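Heads up: the sequence shown at position 254 corresponds to 253 in numbering that gives the first Met the number 0, and the numbers run straight through without jumps.
Data first, discussion second: the structure below is written as structure tokens.
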Amino acid sequence: MNDRKSPASLDARGLDLHYGGTAVVHGANLRLEPGRILALVGPNGSGKSTLLRALARLHEPAGGTLELDDGVTAPGDALALKRSEFAQRVTLLSQSRPVPNGLSVRDVVEFGRHPYRGRWRAADPDGASAVAHAMELTGIVDLAGRGVHELSGGQLQRVWLASCLAQDTSVLLLDEPTNHLDLRYKVELFDLVHDLAREHQVAIGVVLHDLDEAADIADTVAVLSEGRVVASGPAHEALEADLLSRVYSIGIVTHADPITGRLRTRAVGKRSSALV
Ligand code: ADP
0 MNDRKSPASL DARGLDLHYG GTAVVHGANL RLEPGRILAL VGPNGSGKST
50 LLRALARLHE PAGGTLELDD GVTAPGDALA LKRSEFAQRV TLLSQSRPVP
100 NGLSVRDVVE FGRHPYRGRW RAADPDGASA VAHAMELTGI VDLAGRGVHE
150 LSGGQLQRVW LASCLAQDTS VLLLDEPTNH LDLRYKVELF DLVHDLAREH
200 QVAIGVVLHD LDEAADIADT VAVLSEGRVV ASGPAHEALE ADLLSRVYSI
250 GIVTHADPIT GRLRTRAVGK RSSALV
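Written as structure tokens, this is what we have:
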């Protein structure tokens with residue numbers, strides 16, 4: 000990531016999201032800000048992915064507004080921006096992506112530069128350095144010439160992340176980015192996300208399953224339940240035991256880690272002593 004980009008915020012107000020005639024997200028308010036990490040948590044089916052896709056303009060809202068403010072031009076309706084202009088500012092690492100046959104790792108990372116290329120493949124002077132930097136950050140330089148269909152799930156996940164980073168956007172959306180990653184790459188990914196926010200002022204929205212990971216990394220945690228944001232704030236406020244127990248329909252207790260002081264959650268089964 001270089002710092003050519005103006006930091007940007009993305010503000011969703013009252014988003015209603017439907018599939019066909021069925022409403023799955025109701026009046027969601029979320030704000031992504033430069034240098035800050037927002038984690039979206041909630042049970043399966045609560046609407047996290049749909050909401051993230053709507054922030055990336057991959058799901059058209061039935062109601063509500065999405066505003067992008069990059070501090071340069073007047074804050075504007077993100078839904079009215081040209082696709083390529085929006086894609087220079089906002090990118091999404093989605094959960095499942097097709098594995099393109101016959102493409103090399105470098106090809107896929109270079110694909111991240113698509114918003115900067117015109118129909119006639121106009122010059123993209125920053126492209127080569129953005130691609131090289133993204134591959135370095137994600138530790139895939141050695142894989143550059145390999146076919147993506149030969150890669151492990153974890154390697155592929157890093158290639159897709161590199162493709163997003165090469166896009167060099169001010170807003171980065173990540174849907175369960177630690178899927179398939181082993182412990183080392185998981186820790187490295189969180190370090191990278193933290194650096195992107197703090198050092199490069201990227202605004203980050205991330206869907207996470209693991210509540211402790213959300214508490215570790217996020218400035219703000221938003222809890223989704225049945226398509227509604229039912230809590231939003233710092234982890235120690237939003238991840239409140241009674242609320243979580245209701246939302247996840249299972250007993251959940253919380254405590255502060257005695258060493259780090261960070262919030263920890265623990266699900267307990269029907270027998271309160273049985274740890275899950
Ligand atoms: P989460 O990411 O929290 O697991 P999703 O956003 O994937 O939740 O799903 C929210 C709701 O929307 C669920 O009820 C799910 O069944 C429904 N849904 C998701 N994708 C589709 C789709 N392509 N068509 C119809 N319904 C969908």
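Cβ atoms here follow ideal geometry from the backbone N, Cα and C, with glycine treated the same way.
From a predicted model like this one, the values you see are computed outputs, not experimental measurements.
Spatial neighbours of T168 in its own chain (CB-CB distance under 6 Å, excluding positions within 5 residues in sequence) are listed in chain order as R88, V89, T90. In the displayed model, H193 falls within a helix according to three-state DSSP. Excluding sequence positions up to five before and after R35, its CB lies within less than 6 Å of the CB of D218, all in the same chain and listed in chain order. In the displayed model, S45 falls within coil according to three-state DSSP, outside both helix and strand. Excluding five sequence positions before and after T137, the CB atoms of its chain that fall closer than 8 Å to its own CB belong to R157, V158, L160, A161, L164, L191, given in chain order. For the 9 Å CB-CB criterion, N28 and G13 form a contact.
If the five residues before and after F85 are omitted, its C-beta is found closer than 7 Å to the C-beta atoms of R56, A77, all from its own chain and listed in chain order.
By the rule of a C-beta closer than 6 Å to any heavy atom of ligand 1, the residues picked out are Y18, V23, G41, N43, G44, S45, G46, K47, S48, T49. Residue pairing of Y18 in beta bridges, as defined by DSSP: T21. One Cα belongs to D125, the other to T259, and the distance between them is close to 41 Å. Between the alpha carbons of H193 and Q200 lies a distance of about 10 Å.
Taking the Cβ atoms as the reference, S93 lies roughly 5 Å from D174, within the contact range of under 8 Å. The beta-carbon separation of L9 and L54, rounded to 6 Å, stays under the 8 Å limit for a contact. At a Cβ-Cβ threshold of 9 Å, V147 and P99 count as neighbours. Each residue's CA atom was taken as its position, placing V229 and Y247 some 12 Å apart. A38 is bridged by DSSP to V205, V220. Taking the CA atoms as reference points, A22 sits about 33 Å from L155.
The shortest CA-to-CA distance from R197 to any of S128, V170, T49 is the one to V170.
Taking the Cα of T177 as reference, the smallest distance to any Cα among A122, G152, R265 is reached at G152. Taken through DSSP and simplified to helix, strand or coil, D256 comes out as coil. Between V220 and L238, the beta carbon gap of about 6 Å places them in contact (Cβ cut-off 8 Å).
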